[in-house]
Amino acid sequence: MFKPTPNPPDTDPTSKAFDKAADRILDYYLKPKPSKPEADEGQLFTVANGVDTETLLANLSENLASANAMLNDLAFDLEGSRRHIALGIHQLIELSGQLADRALDNVEARPST
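All letters in the sequence shown, in the order written, are residues 24 to 136 by this note's numbering.
See the structure below:
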């Protein structure tokens with residue numbers, strides 16, 4: 024009777040290949056991930072390390088609200104196509120704010136101290 028798949032080759036359990044493969048697997052799962060690189064010297068602004076997601080989203084929401092207020096003030100001073108562009112940007116800010124608010128709702132709240 025013909026066997027469609029051959030038997031696996033005999034391997035030596037003390038083979039160096041097994042040791043190398045095991046080391047690669049252990050390194051992948053157990054070695055700590057490298058830390059994020061420091062900011063570039065030419066970079067003007069950075070976000071502090073260790074800031075939790077809730078704080079980042081809250082600040083994003085506040086920044087979007089500020090941009091929205093400035094753009095509303097500007098849009099009422101413009102006319103024609105420039106006003107339409109400003110109102111389009113206003114709509115993008117509003118949509119982004121709604122996304123940030125929803126993400127903030129989904130974040131587990133920090134325990135109050």
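C-beta atoms are modelled at their ideal positions from N, C-alpha and C, and glycine is treated no differently.
- SER119 is positioned such that its CB atom lies closer than 8 angstroms to that of LEU87.
- One alpha carbon belongs to ASP100, the other to ARG106, and they sit about 8 angstroms apart.
- Residues of the same chain with a CB within less than 7 angstroms of the CB of ALA126, apart from the 5 flanking positions on each side, are LEU80 in chain order.
- Around the C-beta of ILE48, fewer than 16 other C-beta atoms lie within 10 Å, and the residue is accordingly described as exposed.
- Around the beta carbon of ILE108, a 10 Å sphere encloses fewer than 16 other beta carbons of the protein chains shown; the residue is thus reported as exposed.
- Around the C-beta of ALA71, fewer than 16 other C-beta atoms lie within 10 Å, and the residue is accordingly described as exposed.
- Here ASP46 carries a helix assignment [DSSP, helix/strand/coil].
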